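Everything in the sequence shown is counted per the numbering used here, starting at 327 for the first residue and increasing by one.
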Amino acid sequence: MALDDVKISEIIIKSFSEKLLGILSSDVAIVGGGPAGLCAAYNLAKAGKQVVLFERKLSLGGGMWGGGIMFNQIVVQDEAKKILDELGIRSVDAGEGYFTSDSVETVTKLSAAACDAGATVMNLFSVEDVSIRDEIVSGLVINWSSVEIAGLHVDPVTVHSHFVVDATGHAAEIARIIERKVGTKLLTPTGGVIGEKPMWAEVAETLTIENTKEIYPHVYVSGMSCNAVFGGPRMGPIFGGMLLSGKKVADLLLKRLEGS
Ligand code: 48F
């Protein structure tokens, strides 16, 4: 077969344009492709929902690749082991309810599961704003990460989504955008982003799951951003809470979508 360079360009441009048109409206738009966002995407797409996940970086996985201090192993507690098992991620029993798995295997199998389930992944996109109608978030404003990184003055475009998940990790970027633009109207005790507290894995893991909830009409938090928003501690390289939070936000949204 003779290869035509321009034909290759045409295939990429046409198929990507179709993909982009396909995400102009979704059931759930997830911001952040770390463990929480990926687990949410997998569970929502598996249930047949139209899911798009935006990730600023080239690769999915967020803070999971490097395990702890670049030792590429992660730890999960026994409550989360069933998620590893469901995805075929091998783990080793480290005793006393702790399990450990290879972080690269965990990221890649979680990412593959989200894609296989039907989630559309838009890497290299940054969410830089939200769209709000009648005090409900109705979509996201997106731009190429390269535009953001280069500081270019290029306007973004808007996509519609019934629900948004802020899975942006420590930065809690979507919550902070809403706080900055509409004032202290978040569904937190202060109405704003409270900010994360120092490391304390046990409390942090519990609070992450407890605070996986709606923080503004049609916006939910999942993963480490729950603790940043509600003032919980950080947890370091234990990842069960991230996976369980992703599963919880998917369950909450499935109920909302079925009721709407
Ligand atoms: O940080 P990240 O892995 O969040 P997570 O899923 O997990 C947290 C853990 O990795 C770790 C921890 C637990 O042990 O404390 O930090 O809650 O993934 C967040 C992803 O969101 C992307 C960012 O590049 C990262 O991959 N992200 C952040 N802001 C934006 C974004 C944005 N505005 N637009 C697109 N992507």
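Backbone N, C-alpha and C define an ideal beta-carbon position, used for all residues, glycine too.
None of these values were measured; they are calculated from a predicted model.
Checking 9 angstroms against the spacing of the C-beta atoms, do residue i and residue j come in under that value?
i    : j    : result
A371 : G359 : no
G394 : P559 : no
F489 : A373 : no
L410 : T446 : no
S427 : R416 : yes
L569 : Y542 : no
V483 : V467 : yes
L379 : A440 : yes
S487 : G465 : yes
L478 : L384 : no
In this structure, does DSSP put residue i in helix, strand or coil?
i    : result
A445 : coil
H486 : strand
S417 : coil
E412 : helix
T426 : strand
V433 : helix
V480 : coil
G572 : helix
K523 : strand
G387 : coil
L512 : coil
G465 : strand
Tell me the residue span of the alpha helix (DSSP H) that contains residue i.
i    : result
N369 : P361 to K372
S472 : S471 to A476
S548 : Premise fails: S548 is in no alpha helix (DSSP H) and is neither H nor E.
V519 : From DSSP, V519 is part of no alpha helix (DSSP H); its letter is neither H nor E.
T532 : A527 to E536
S335 : D331 to G348
For the beta strand (DSSP E) that residue i lies in, which residues bound it at each end?
i    : result
G392 : Taken as a continuous stretch (DSSP letters only), G392 belongs to no beta strand (DSSP E), as it is neither H nor E.
S452 : F451 to R459
E499 : Careful: E499 lies outside any beta strand (DSSP E), inside the alpha helix (DSSP H) at E499 to V508.
S352 : S351 to V357
I400 : Q399 to Q403
V378 : V377 to E381
I564 : No beta strand (DSSP E) holds I564; DSSP gives it neither H nor E.
Could you tell me which of the options sits nearest to residue i, measuring between CA atoms?
i    : options                   : result
A443 : F451, V480, E461 and V377 : V377
V547 : F565, M561 and H496       : H496
L364 : E505, D330, I468 and S437 : S437
I500 : D492, F451 and P515       : D492
A527 : G421, R382, V508 and Q403 : Q403
E522 : G509, R502 and D353       : R502
A476 : K581, E505 and S452       : S452
G585 : F556, D330 and D353       : D353
I520 : V555, T494, K435 and L533 : V555
R506 : G388, V480, E454 and E344 : E454
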